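Listed in order, the protein sequences are those of chains A, B and C. With the UniProt record's numbering, letter number 264 in the first sequence gets 264, and the count goes up by one each step, no holes. With the UniProt record's numbering, letter number 34 in the second sequence gets 34, and the count goes up by one each step, no holes. With the UniProt record's numbering, letter number 276 in the third sequence gets 276, and the count goes up by one each step, no holes. Notes follow the structure.
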Amino acid sequence: MLLKITNLRVYFKSADGFVKAADGVDLELYPGEILGLVGETGSGKTVLGLAITRLLPKTAAVSGEVLYRGQNLLALPEEEMRKVRGRQVSMIFQNPLSSLNPALSIGEQIAEVLREHQGLKRKAAWQRAGELLELTGIPAKWIRSYPHELSGGMRQRAMIAIGLACAPSLLIADEPTRGLDVTIQVQIVELLHAVTKGVSPPRSMLLITHDLGVAAALTDRLAVMYAGKIVEYGRTGEVFRNPRHPYTRALLDSHPSNGLIATKGFSPSLINLPPGCSFHPRCKKARKKCAHEPPLVQRIGMDHGVRCFYA
Amino acid sequence: MRRLLIQRLVSAVFVMLIASFLSFLLLFYAPGNPAETIIRQQSGLDPTYAEIELFMKRHDLNRPFLVQCLQWLYLLTHGKLGVSLRTGEPVLEEFTARFGATFQLAVAAMALSVIIGLPIGVFAATKPNSLFDHIIRVVSLAGVSIPEFWLGLMLMLCFSLALGWLPCFGHGTVRHLVLPMITLAVGITASLMRFVRTSMLEVLNLDYIKTAKAKGLREVVIVWKHALKNALIPVVTILGTQVGHLLAGAVIVETVFSWPGIGKFFVDSIYARDYPVIQGFVLIIAAIYVLVNLLVDILYVYLDPRVRYEGRS
Amino acid sequence: MYILEVTRGKKMLLTGSILIFGFMALAVFAPFIAPYDPDDVKVEERLLPPGEHHLMGTDGFGRDIFSRVVFGTRYSLFLALVVVSINLLLGLMIGSIAGYFGGLIDELIMRIVDILLAFPNIILALCIVGVLGPSVQNLILALVALGWVGYTRVSRGLVLSIKEQGFIGAAKALGGSNMYIIMRHIIPNAFPPLLVLATLHVSHTILSIAALSFLGLGVQAPTPEWGAMLSEGKQFIFTHPHVMISPGLAITLSVLSFNLLGEGLRDVLDPRAREVLNV
Ligand SMILES: Nc1ncnc2c1ncn2[C@@H]1O[C@H](COP(=O)(O)OP(=O)(O)OP(=O)(O)O)[C@@H](O)[C@H]1O
Ligand SMILES: [Mg+2]
């Protein structure tokens with residue numbers, strides 16, 4: 001197992017109380033596997049990704065375990081953790097325009113990772129940066145250009161090139177297709193497939209997405225998140241064919257373009273979660289019990305679990 | 001880019017015109033007769049009516065306002081700022097002879113401010129609300145609150161009189177430069193520190209800083225390369241406006257330390273009602289200010305690739 | 001972050017207010033606080049060091065420095081407040097007119113403002129006082145000549161943002177006259193951010209007045225104004241430095257207290273209003 005997350009909790013202190021952005025998350029990721037993480041906006045997906053790489057602000061209280069190759073990342077000294085980032089685990093962020101430094105050329109932004117982690121000299125690092133750009137589909141002659149000179153798709157490619165620079169074993173991609181034209185989205189999906197499944201040994205990826213189509217096309221397994229908890233997980237095909245949680249079903253029926261708001265009603269405030277099952281106020285099948293007792297994950301077959309009493 | 005330059009140049013000419021007109025207007029309605037003051041100063045005797053008449057005639061001081069103004073503007077376009085009533089030398093030459101001393105002082109003070117203010121501002125921003133940050137905040141507030149002339153005198157008292165380390169008056173060696181430079185730099189350092197801190201705090205919250213962290217870069221690289229490069233952009237603009245401060249400060253500091261620059265010359269000319277010099281000074285200050293801001297614009301374009309790009313297309 | 005700033009702002013606000021209150025009290029009760037007449041010349045007691053009878057010593061004419069510093073509060077604070085009030089009102093008026101009417105008037109005013117903003121304040125002040133001669137009126141004139149410009153700019157920005165909000169339109173629809181709307185709606189709303197600006201400006205003004213007086217171009221010598229006291233005492237700096245210390249400290253402390261107040265107000269102010277200040 002490459003990554004094993006156990007009982008991860010992320011609470012933000014705020015004036016009105018704790019924001020429970022992740023509330024007891026368990027997840028497993030195997031070598032060479034692509035795991036999709038879906039859920040409506042504000043459900044805690046990005047926070048989960050940031051918790052793994054320990055990039056959350058200081059206001060976040062994090063507990064639980066994130067085992068990467070058997071080593072608890074949450075217990076690592078900061079300096080050790082720094083060496084994990086970018087080298088073993090890379091993260092690609094949502095908005096490539098704001099996530100790239102406007103004052104540095106993309107060549108520099110790639111080369112500096114190589115110089116930091118692989119000790120390459122300036123020239124060698126730039127050489128390699130050019131190769132990485134070509135690999136992700138940007139002509140190497142663009143190496144000296146600045147982020148604002150590139151198109152949205154190019155920027156996302158550049159972000160991927162940065163993430164791949166030191167050949168990490170785990171890639172965390174946070175909505176890599178968001179805000180792109182459909183044709184460009186397809187290209188980015190293909191690129192992501194090529195740099196994970198297409199290398200040997202295959203590379204693992206945690207793919208955070210709103211787009212169920214992208215999830216279906218890329219992922220091996222799927223985890224569905226709601227209000228800081230994983231409510232269902234399983235093989236992608238299995239979950240699509242046989243969704244067991246009412247929220248997952250609603251999600252699959254919903255229109256993909258509206259921010260994955262699966263069903264009517266508002267997503268709950270993460271400060272005052274409803275008692276019992278967090279989803280019960282919006283659930284068509286909710287019964288009395290759901291309002292009092294928080295459901296635990298039930299295993300319903302090989303590698304398929306669901307957090308619902310009546311699945 | 002070119003449009004920006006043209007805009008700047010046009011407004012520069014306007015600034016100069018308005019500056020010269022205002023100073024002219026003021027001088028024309030000034031009470032007292034400069035001729036009288038100056039002759040008295042030169043000869044030590046009360047001048048006779050005829051002497052005053054003669055002096056005014058020689059310096060065209062008895063023509064109507066508009067004539068004098070136009071005459072002055074005409075000479076101006078020929079690079080002539082008139083003749084100092086006090087010394088009889090061309091104003092421009094008086095200034096160029098003294099400009100070096102002021103330039104030396106101003107550049108030294110600015111350099112000192114950047115060397116001290118920039119790193120401290122950056123450090124304060126990396127540890128917001130720490131003890132260090134609070135101390136810096138109080139110190140910088142105190143720094144902008146101390147009057148320069150008094151600070152200069154206190155430094156003299158301490159380092160020249162009590163400790164005997166540095167000379168208090170005069171000009172020439174590096175040792176002479178130290179006290180005036182520090183006096184002039186304190187206020188600018190304090191405000192620079194604050195600007196850098198604010199600007200850095202803003203930048204450190206942006207997405208690309210998170211990217212830099214996710215890349216596993218060292219904190220030093222993140223702060224001094226990724227953040228500072230962006231935080232400097234607004235700071236450079238501020239430096240441009242600080243030049244006004246610097247010039248005003250130079251006037252006072254030069255007077256306190258008898259530093260033979262244009263500031264001291266200006267104040268001496270005010271005491272002597274040496275009108276052409278006062279007019280010329282206003283114009284020269286305006287010119288320096290405009291020039292520096294032009295330089296700042298160019299630096300800005302160099303620092304911010306986004307502006308550079310827009311300029312190209 | 002914002003919350004931290006507010007608590008820090010409150011601390012500065014409190015410290016600044018207490019200090020300013022102290023200075024105000026000194027100014028008002030000066031005759032009761034000062035042990036001596038500030039203008040009482042006693043040649044036999046000249047240049048006494050600080051001691052039992054004279055807390056801060058005496059100056060070159062044997063006048064009690066402490067009493068002079070206490071009375072000096074009146075000049076510095078009063079003059080600074082007068083200058084700032086004139087600038088504030090002038091700037092608010094001109095800025096409101098520019099922002100409210102827009103168009104050509106706005107364009108013209110803002111062009112002039114932009115040009116004047118570019119000019120170093122104290123240098124023009126020096127020219128004005130230097131040419132017109134040193135007197136209190138000319139000092140005020142000199143500090144008003146360019147002082148209103150900053151307020152005009154901020155007021156205009158504020159008016160523009162207030163204008164966008166609905167209630168101005170409503171007031172207009174109800175038949176309010178332009179003057180009525182400016183007075184009743186725009187100015188009250190523009191006031192809080194301007195107050196911050198004004199507080200910070202008081203500290204600048206105290207400094208400018210002191211500097212001009214020090215150069216002999218502001219308040220004139222026998223008056224116990226701090227800058228003028230320093231100007232008079234300059235000749236004794238190497239022989240009797242005590243003459244120079246207290247007036248300078250008084251300037252620094254009064255400027256610092258207004259700076260603390262202004263900074264504190266800025267931190268406590270809501271972020272939207274703060275944005276306008278950075279125009
Ligand atoms: N720094 C923070 N301080 C306080 N609350 C935060 C912080 N970061 C995130 N949150 C809260 O945590 C919750 C989860 O946010 P997160 O960004 O993980 O959602 P998401 O699932 O990624 O949504 P989206 O699909 O919109 O990206 C949100 O309610 C958000 O308000
Ligand atoms: Mg997100």
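Quick reminder that beta carbons are idealized off the backbone N, C-alpha and C, glycines included. As the structure is a prediction and not an experimental result, all values here were calculated from the model.
Cβ closer than 7 Å: which chain B residues qualify as neighbours of residue i?
i, result
"Thr53(A)", "Ala214"
"Met110(C)", "None at all; the shortest Cβ gap to chain B is about 12 Å."
"Ala210(C)", "Pro147"
Could you tell me which chain B residues have their CB closer than 9 Å to the CB of residue i, listed as they occur along the chain?
i, result
"Leu230(C)", "Pro147, Phe149, Trp150 and Leu153"
"Ile106(A)", "The contacting residues do not exist; Ile106(A) stays about 11 Å from chain B at best."
"Ser203(C)", "Val144 and Ser145"
"Lys83(A)", "Gly216"
"Met154(A)", "Correct list: empty, because the minimum Cβ distance to chain B is about 14 Å."
"Asn178(C)", "Result: empty, since nearest Cβ-Cβ is about 30 Å, beyond 9 Å."
Within 10 angstroms of the Cβ of residue i, are there 16 or more other Cβ atoms? Answer buried if so, exposed if not.
i, result
"Gln185(A)", "buried"
"Asn72(A)", "exposed"
"Ser254(C)", "buried"
"Gly17(A)", "exposed"
"Gly121(B)", "buried"
"Gln88(A)", "buried"
"Ala210(C)", "buried"
"His204(C)", "buried"
"Ala25(C)", "exposed"
"Asn87(C)", "buried"
"Thr41(A)", "exposed"
"Leu197(C)", "buried"
"Gly100(B)", "exposed"
"Thr96(B)", "exposed"
"Lys264(B)", "buried"
"Ile6(B)", "exposed"
"Asp64(C)", "buried"
Kindly list the residues whose CB is nearer than 8 Å to the CB of residue i, restricted to its own chain and excluding five residues on each side of it in sequence; keep chain order.
i, result
"residue 313(A)", "The question about residue 313(A) has no answer, for chain A in this structure spans 1 to 311."
"Lys127(B)", "Asp133"
Kindly indicate the opening and closing residues of the beta strand (DSSP E) around residue i.
i, result
"Val66(A)", "Ala60 to Tyr68"
"Val89(A)", "Val89 to Ile92"
What does a CB cutoff of less than 7 Å around residue i pick up in its chain, not counting 5 residues either side in sequence?
i, result
"Phe214(C)", "Gly227, Leu230 and Ser231"
"Gly44(A)", "Ala21, Ala22, Met225 and Gly228"
Can you tell which of the options has the C-alpha that lies nearest to the C-alpha of residue i?
i, options, result
"residue 330(A)", "Met81(A), Ile143(A), Ile162(A) and Gly228(A)", "There is simply no residue 330(A) to check, as chain A begins at 1 and stops at 311 in what is shown."
"Gly91(C)", "Val159(C), Ile18(C) and Leu212(C)", "Val159(C)"
"Leu239(B)", "Phe169(B), Arg8(B), Ala162(B) and Leu291(B)", "Leu291(B)"
"Ala165(A)", "Tyr30(A), Gln118(A) and Ser43(A)", "Gln118(A)"
"Lys210(B)", "Thr53(A), Ser14(A) and Val25(A)", "Thr53(A)"
"Arg69(A)", "Glu112(A), Ser169(A) and Thr59(A)", "Ser169(A)"
"Ala19(B)", "Pro120(C), Ser177(C), Glu263(C) and Tyr151(C)", "Pro120(C)"
Please report the residue range of the alpha helix (DSSP H) in which residue i lies.
i, result
"Gly130(A)", "Arg122 to Leu135"
"Phe159(B)", "Phe159(B) -> no alpha helix (DSSP H), and no H or E assigned at all."
"Ile110(A)", "Ile106 to Gln118"
"Glu293(A)", "No alpha helix (DSSP H) holds Glu293(A); DSSP gives it neither H nor E."
"Ile65(C)", "Ile65 to Phe101"
"Arg221(A)", "Note, Arg221(A): premise wrong, no alpha helix (DSSP H); beta strand (DSSP E) at Arg221 to Tyr226."
"Lys213(B)", "Asp207 to Ala214"
Hey, would you say the C-beta of residue i is under 7 Å away from at least one heavy atom of ligand 3?
i, result
"Thr183(B)", "The ligand content of the structure shown is limited to ligand 1 and ligand 2, which means ligand 3 is not among them."
Which chain C residues are close to residue i, counting only those with a beta carbon under 8 Å from its beta carbon?
i, result
"Leu206(B)", "Neighbours of Leu206(B) on chain C: none; closest Cβ ~14 Å, over 8 Å."
In its own chain, which residues sit with a C-beta less than 6 Å from the C-beta of residue i, not counting the 5 before and 5 after it?
i, result
"Ala60(A)", "Val10 and Phe12"
"His304(A)", "Gly234 and Glu238"
"Ser269(B)", "Val277 and Ile278"
"Cys168(B)", "Met156 and Ser160"
Find the residues of chain B that neighbour residue i, judging by a C-beta separation of less than 8 Å, and give them in chain order.
i, result
"Ser98(A)", "Leu206, Asp207 and Tyr208"
Name the chain A residues that come within less than 7 Å of residue i, Cβ to Cβ?
i, result
"Arg306(B)", "Pro102 and His148"
By the criterion of Cβ-Cβ separation under 9 Å, what are the contact partners of residue i in chain C?
i, result
"Ser11(B)", "Arg111, Asp114, Ile115 and Ala118"
"Ile252(B)", "Ile122, Ala211, Phe214 and Leu215"
If the cut is a Cβ gap below 7 Å, which residues of chain C does residue i touch?
i, result
"Gly261(B)", "The premise fails here: Gly261(B) is roughly 14 Å from chain C at the closest Cβ pair, so nothing lies under 7 Å."
"Ala19(B)", "Phe119"
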